[in-house]
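K.L.:
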Amino acid sequence: MESTTLMMKEEEDKDEEDSLLLSPPTTQTQQLLALKGGAKHSRGNVPCSHGEHFSCHLPDIEDVTLKNEWDETETSVDFSPKNWGWIHSIDSMTSVDGPGLRAMIFFQGCQKRCAFCCNPDSLEENVGKKMATEEVFSALETKMTYYRKSGGGITMSGGECMLQYRFVVALAREARARGLTSIIDTAAAGNDMIWDFVLPHIDMVLLCCKSSHPVRYGKITGRPENFGVMLAFLAKLEEYKVPTWLRFVLMSSDDEKFQDIVTDGEEELLGVAALAKMHKRCVKGVEILPYHNFGAFKYKEMNIAYKLEQMKPPSDEVIRRAKRVIEGEGVKVLL
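Taking numbering that gives the first Met the number 0, the leading residue of the sequence shown gets 0, the next gets one more, and so forth.
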């Protein structure tokens, strides 16, 4: 009897795993459960024959805890535009953060502590310059003609702009009224309710995925639980078909102390490519961002230890190889 009960329990577990793999994940928890099932299906690091599951390029991730910054059952969240926010700085003219000429608006505040962060002074929340929507656009007034004629607009970055999602919507609505496009440069924060509120106002997303490997993601960001948030956000972008570029910081080093965060390994690169292929309705390609230490001086000024002080930028050969591996999976690469 005991043996029969055990066999029945194993069959139930198998049926549950199969149903998770066959059903489209709709919440962060389901995303991770589906990936766990996929990882077992692919026998650890060995990809399955079809190679389409994101998890086929990942190890088992049972040690990854999943939660969100916001409770998905929260009903007191305000879903009205907020006409002011905390801003770190504004670069009024950039051509590398989306199509056309753009204003880069750096929001203040971020919940992650990424090892390669080049703006450590943008992490603290509720500080910086308090600006109203009209103040932001007043600062950009002399460049408006350039933005419009080039098909450009505003790119909201950070910090993490999605922590101030109500201000994001206010700026995006004003941009659209002025004939400009709106892009968010984000590492994903929020939940389904917040994304449903924000995304109808957004023309493109630049999503910094950090890593396709959940454990490495946690080492890089200091927030392992946010890996599931990133996956759920991608699923929401796919639902809305928002044009998206996956941004990926390429780090390479032979130094033993950096081996848990380097991102130039084939497993990592295949994982990023698989992530893009799984979201074909929204992801247009992968933008490789070679690591740099341009922000190191800020750590010194703030008397903060810079953990990557001895890491060098990846060589041209490492960059070419990363591009070759991702393109070999049929994914467009931007450098």
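Don't be surprised by glycine CBs; every beta carbon is placed ideally from N, CA and C.
(1) For the beta strand (DSSP E) containing G127, list its first residue and its last residue.
(2) For E103, which beta-bridge partners are listed by DSSP?
(3) For E286, which of helix, strand or coil comes out of DSSP?
(4) Would the region 268–275 count as touching the region 292–303 if we require 3 or more Cβ pairs under 8 Å?
(5) Would you check if the distance between the CB atom of Y145 and the CB atom of M92 is smaller than 9 Å?
(6) Consult DSSP for T28 and reduce its assignment to one of helix, strand or coil.
(7) Looking at A188 and L162, is the spacing between their C-beta atoms short of 9 Å?
(8) Name, in chain order, the residues that DSSP records as bridge partners for S181.
(9) Report yes if the C-beta distance between R165 and P98 is below 9 Å; otherwise report no.
(10) Could you give the distance in angstroms between the alpha-carbon of L122 and the alpha-carbon of A169?
(11) Less than 7 Å between C-beta atoms, sequence neighbours within five positions excluded: which residues of the same chain meet that for S88?
(12) Which one or two residues does DSSP pair with L245 in a beta bridge?
(13) Measuring CB to CB, does V197 end up less than 9 Å from P242?
(14) Do I287 and L334 have their C-beta atoms within less than 9 Å of each other?
(15) Tell me which same chain residues have a C-beta within less than 6 Å of the C-beta of E328, skipping the five on either side of it?
(16) Taking 9 Å as the cut-off, decide whether the C-beta atoms of E224 and T185 are in contact.
(17) Quick one: measure Cβ to Cβ for V330 and K322, integer angstroms, because I've assumed they're closer than 8 Å.
(18) Compare the beta carbon distance of S251 and S210 with 9 Å and say whether it is the shorter of the two.
(19) Tell me the DSSP secondary structure of G108 in three-state form.
(20) Which residues share a DSSP beta bridge with W85?
P.N.:
In short:
(1) Note, G127: premise wrong, no beta strand (DSSP E); not H, not E.
(2) First, the amino acid is wrong: residue 103 is Met here, not Glu. Bridge partners of M103: D90 and T154.
(3) Strand at E286.
(4) The region 268–275, when compared against the region 292–303, does not touch it at the 8 Å Cβ threshold.
(5) The answer is yes: Cβ separation under 9 Å.
(6) Since pLDDT at T28 reaches only 34, below the 50 mark, its modelled position is unreliable, and the value read off the structure follows with that caveat. T28: helix per DSSP, three-state reduction.
(7) Against a cut-off of 9 Å, the Cβ pair of A188 and L162 comes out as a contact.
(8) Beta-bridge pairing links S181 to I153.
(9) No; because the gap between Cβ atoms is not below 9 Å, this pair is not in contact.
(10) Rounded to whole angstroms, L122 and A169 show a C-alpha spacing of 22 Å.
(11) Closer than 7 Å at Cβ, skipping near neighbours: F105.
(12) Looking at the DSSP assignment, L245 forms a beta bridge with L206 and V285.
(13) With contacts defined by Cβ atoms closer than 9 Å, V197 and P242 do not form a contacting pair.
(14) Cβ distance < 9 Å, so I287 and L334 count as in contact.
(15) Answer for E328: A272, listed in chain order.
(16) Note that the C-beta distance between E224 and T185 is not below 9 Å.
(17) With a Cβ gap of about 10 Å, V330 and K322 do not count as contacting.
(18) Their beta carbons are not under 9 Å apart, which means S251 does not touch S210 by this criterion.
(19) Here G108 sits in coil by DSSP.
(20) Answer by DSSP bridge pairing, in chain order: K129.
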